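> Below you'll find the structure I mean.
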Amino acid sequence: MNRIEIVKLISILVIVAVMITSGLQLYQHRHYQMPVVAGPGVTRVVKLSNYSKRLKGTMAETSVFYLEGKEEGGKMLIMANTHSNEPAAILASLIFLENAIVDKGTLIIIPQFNNSASRNTRPGDGYPLFFEIATEWGSKKFRMGNRDASPLDQWPDPDVYVHYPDRQLLSFIDARNTNRTWPGRASGPLMERVTYGAMQIMREEKVDIAIDVHGAETMFPVTNCIVAPEKSMRIATMTTLTVKAREGFDSHVEPSPSGFRGLSHREIGDHSDTLPFLLEAPIPFLDQPTGPKTVELLLDGKDPFLLSLSKKRKLFVPYDETGWPMDKRVGQHCSVILEITRQFSRKSPDRGIKIRNVPRYVEVIKNGVGHYFHNPDEAKKADVYYN
Ligand SMILES: [Zn+2]
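This is the structure in structure tokens:
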């Protein structure tokens, strides 16, 4: 073997070693199963494929948790991880799932709405693969996902995504974005089968309220808000005014544009009797001009570049040295969801929904998000679900 051959051989070995090491990390991320402890309110757990048959056996299959009260009433659906890189949503949904007791009506929770996206990442942006939330019994580990489903599950992308049924032309990447594929089709592309499944839950179960929980950049005007179409506007406005007056935080109302198709807050309302709401809490991690995309930035929202932009009035939310911590974002989501429920129940008492044992904004900030998660090792095996 001459010197050139030795250099070639070493180069190949180095490349193979890098591929195996990085490939293994991505494999572990895609296949990590996060335990969720079903709380005292959970009465049954089904799969989304019960409502959308062609999801069965795919990586987009996901669990649907029912919390049914003894007294008949209205029904509310909470969806988190529509965008799996906006994790305040799944954290808030798990606080409900692990703690809520429903006295009247039914609460339906889909914590990993885009399950495929939660198993995807964005290597070009240097996303962390996992993040951990400190609890009193150790830390709870979550996959950090992406905005779009994994191309391993839905591929190839079209040149242009033609929205169903309006035929509006959307970006090719939106074919994998479950906030553009509403209302979906039973036999459409995989992500349309996901949104179709949720539409079927709303139609078959006669769901009154659907809440799609998100996070948005601080430099994007549609942040820290409730997006609502005309039919949900009154409840959204009352919710905004009440949380501001009683709990002291802002969450303004944004009207759902009628000409922009495929979004939950538009299509759910247009294709069912359900009242849709989309919640946005600020997530500095998603802003473009930040430092490295670290777990710390994801959790505390502190960034020197955003701080300097804030001083130049370039952000759409107040921003100082304290950043925008995860507890605050999750607390906002919990309070806004509870307040929407209360406002709806006041307006339609026969379809009322009564939920207790879920903390509001101040309590989540005081105790921390991790306080509300239960140790899967100490729970009954039958109560632990892997997502
Ligand atoms: Zn989002």
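The opening position of the sequence shown corresponds to residue 34 in my numbering, with each subsequent residue numbered one higher. For every residue, glycine included, the Cβ atom is placed at its ideal position computed from N, Cα and C. No experiment lies behind these values; they were computed from the predicted model shown.
1) Is the CB-CB distance between Ala122 and Ala182 below 8 Å?
2) Can you give the Cα-Cα distance for Pro277 and Gly107, rounded to whole angstroms?
3) Please name the residue or residues paired with Thr139 in a DSSP beta bridge.
4) Does the Cβ-Cβ distance between Val135 and Leu100 come in under 8 Å?
5) How about Val402 and Pro409: do their beta carbons lie closer than 8 Å?
6) Going by CA-CA distance only, name the one from Gln321, Gly356, Arg384 that's closest to Asp158.
7) Using only alpha-carbon positions, find the residue among Asp303, Asp199, Thr139, Asp360 that is nearest to Thr168.
8) Does the beta-carbon distance from Leu349 to Val227 come in below 8 Å?
9) By a C-beta neighbour count over all protein chains shown, 10 Å radius and 16 as the cutoff for buried, is Asp241 buried or exposed?
10) Which residue from Thr327, Asn390, Asp353, Phe98 puts its Cα closest to that of Tyr77?
11) Give the DSSP-derived three-state secondary structure of Ala50 in the structure shown.
12) If we ignore side chains and look at the alpha-carbon of each, how far apart do Ala269 and Thr256 end up?
13) Out of curiosity, what's the CA-to-CA distance linking Glu250 and Ser117?
14) In chain order, what residues of the same chain lie with their CB nearer than 6 Å to the CB of Phe164, ignoring the 5 residues before and after it?
15) Can you tell me the Cα-Cα spacing of Gly334 and Ala133, whole angstroms?
16) Whose C-beta lies closer than 7 Å to the C-beta of Asp199 among residues of the same chain, with five residues either side of it excluded?
17) Closer than 7 Å to a non-hydrogen atom of ligand 1 - does that hold for the CB of Glu329?
18) So, using beta-carbon positions, are Thr323 and Leu339 closer together than 8 Å?
19) May I have the straight-line CA-CA distance separating Ala297 from Glu105, to the nearest angstrom?
20) Which of the three DSSP states, helix, strand or coil, is assigned to Ile370?
21) Taking the alpha helix (DSSP H) that Val395 belongs to, which residues open and close that run?
22) Verify whether the separation of the beta carbon atoms of Ile143 and Phe406 is less than 8 Å.
23) For Pro222, count the other beta carbons within 10 Å of its own beta carbon; 16 or more makes it buried, fewer makes it exposed. Which is it?
24) Is there at least one Cβ from chain D nearer than 8 Å to Glu94's Cβ?
25) Decide if Tyr197 is buried, meaning its Cβ has at least 16 other Cβ atoms within 10 Å, or exposed.
26) Which residue or residues does DSSP assign as beta-bridge partners of Ser204?
27) Measure from the alpha carbon of Glu396 to the alpha carbon of each residue in Cys367, Pro382, Glu225, Glu411, then state which is nearest.
28) Got a sec? Which residues, its chain only, sit under 8 Å from Asp190 by beta carbon, not counting five neighbours each side?
29) Considering only C-alpha positions, which residue in the set Ser96, Glu119, Leu162, Leu124 is nearest to Ser55?
30) When you measure from the CB of Asn7 to every non-hydrogen atom of ligand 1, does any distance come out below 7 Å?
From the atom records:
1) Looking up residue 122 in the sequence shown gives position 89. Looking up residue 182 in the sequence shown gives position 149. No; because the gap between Cβ atoms is not below 8 Å, this pair is not in contact.
2) The residue given as residue 277 occupies position 244 in the sequence shown. The residue given as residue 107 occupies position 74 in the sequence shown. Per the sequence shown, the amino acid found at residue 277 is Lys instead of Pro. C-alpha separation (whole angstroms): 26 Å.
3) For this step, residue 139 is matched to residue 106 along the sequence shown. In the DSSP output, where bridge partners are listed per residue, Thr139 has Glu101, Lys108.
4) For the purposes of this step, residue 135 is taken as residue 102 along the sequence shown, with counting starting at 1. For the purposes of this step, residue 100 is taken as residue 67 along the sequence shown, with counting starting at 1. Yes. Within cutoff.
5) Sequence index remark: in the sequence shown, residue 402 carries index 369 (1-based). Sequence index remark: in the sequence shown, residue 409 carries index 376 (1-based). No. Outside cutoff.
6) Looking up residue 158 in the sequence shown gives position 125. Asp158 has its Cα closest to that of Gln321, out of Gln321, Gly356, Arg384.
7) Along the sequence shown, one-based indexing puts residue 168 at 135. If we check each option's Cα against that of Thr168, Asp360 comes out closest.
8) Here residue 349 refers to the residue found at position 316 of the sequence shown. Here residue 227 refers to the residue found at position 194 of the sequence shown. Residue identity check: residue 349 is Phe in the sequence provided, not Leu. No, the pair does not count as a contact, with Cβ atoms beyond the cut-off.
9) The sequence position of residue 241 within the sequence shown is 208, counting from 1. That one is buried.
10) For this step, residue 77 is matched to residue 44 along the sequence shown. The amino acid at residue 77 is misidentified as Tyr; the sequence shows Arg. Ranked by Cα distance from Arg77, the first of Thr327, Asn390, Asp353, Phe98 is Phe98.
11) Indexing the sequence shown from 1 puts residue 50 at position 17. DSSP places Ala50 in helix when its eight states are reduced to three.
12) The residue you call residue 269 lines up with position 236 of the sequence shown. The residue you call residue 256 lines up with position 223 of the sequence shown. Distance between the alpha carbons of Ala269 and Thr256 is about 15 Å.
13) Counting from one through the sequence shown, the residue named residue 250 turns up at place 217. Counting from one through the sequence shown, the residue named residue 117 turns up at place 84. Using only the alpha carbons, I get a separation of about 14 Å.
14) Stepping through the sequence shown from its first residue, residue 164 is reached at position 131. Closer than 6 Å at Cβ, skipping near neighbours: Phe175, Met177, Val328, Leu331.
15) Within the sequence shown, residue 334 is the residue found at index 301, counting from 1. Within the sequence shown, residue 133 is the residue found at index 100, counting from 1. Spanning the two alpha carbons is a distance of roughly 28 Å.
16) Along the sequence shown, read from residue 1 onward, the residue named residue 199 stands at position 166. These residues qualify, in order along the chain: Arg294.
17) By one-based count along the sequence shown, residue 329 stands at place 296. No; taking the cut-off as 7 Å, the Cβ of Glu329 has no heavy atom of ligand 1 nearer than that.
18) On the sequence shown, position 290 is the one that residue 323 refers to. On the sequence shown, position 306 is the one that residue 339 refers to. Closer than 8 Å, so yes.
19) Sequence index remark: in the sequence shown, residue 297 carries index 264 (1-based). Sequence index remark: in the sequence shown, residue 105 carries index 72 (1-based). Note that residue 297 corresponds to Ser in the displayed sequence, not to Ala. Cα to Cα, the separation comes out at about 27 Å.
20) Residue numbering aside, residue 370 sits at position 337 when the sequence shown is read from its first letter. Three-state DSSP puts Ile370 in a helix.
21) As a working note, residue 395 is residue 362 in the sequence shown. Unbroken alpha helix (DSSP H) run through Val395: 394 to 400.
22) As a first step, residue 143 is located in the sequence shown; it is residue number 110 there, counting from the start. As a first step, residue 406 is located in the sequence shown; it is residue number 373 there, counting from the start. Result no, Cβ atoms of Ile143 and Phe406 do not sit closer than 8 Å.
23) Translated into the one-based positions of the sequence shown, residue 222 becomes position 189. Pro222 comes out buried.
24) In the structure shown, chain D cannot be found, because there is only a single protein chain.
25) For the purposes of this step, residue 197 is taken as the residue at position 164 of the sequence shown. That one is buried.
26) Working through the sequence shown from its first residue, we reach residue 204 at position 171. Its beta-bridge partners are Val193.
27) Stepping through the sequence shown from its first residue, residue 396 is reached at position 363. Here the closest residue by C-alpha is Cys367.
28) In the sequence shown, the residue the question calls residue 190 occupies position 157. Closer than 8 Å at Cβ, skipping near neighbours: Pro184, Phe205, Ile206, Ala208, Arg209.
29) The residue labelled residue 55 in the question sits at position 22 within the sequence shown. The shortest Cα separation from Ser55 among Ser96, Glu119, Leu162, Leu124 belongs to Leu162.
30) Outside the shown range of the chain, which is 34 to 420, sits residue 7, and nothing can be said about it.
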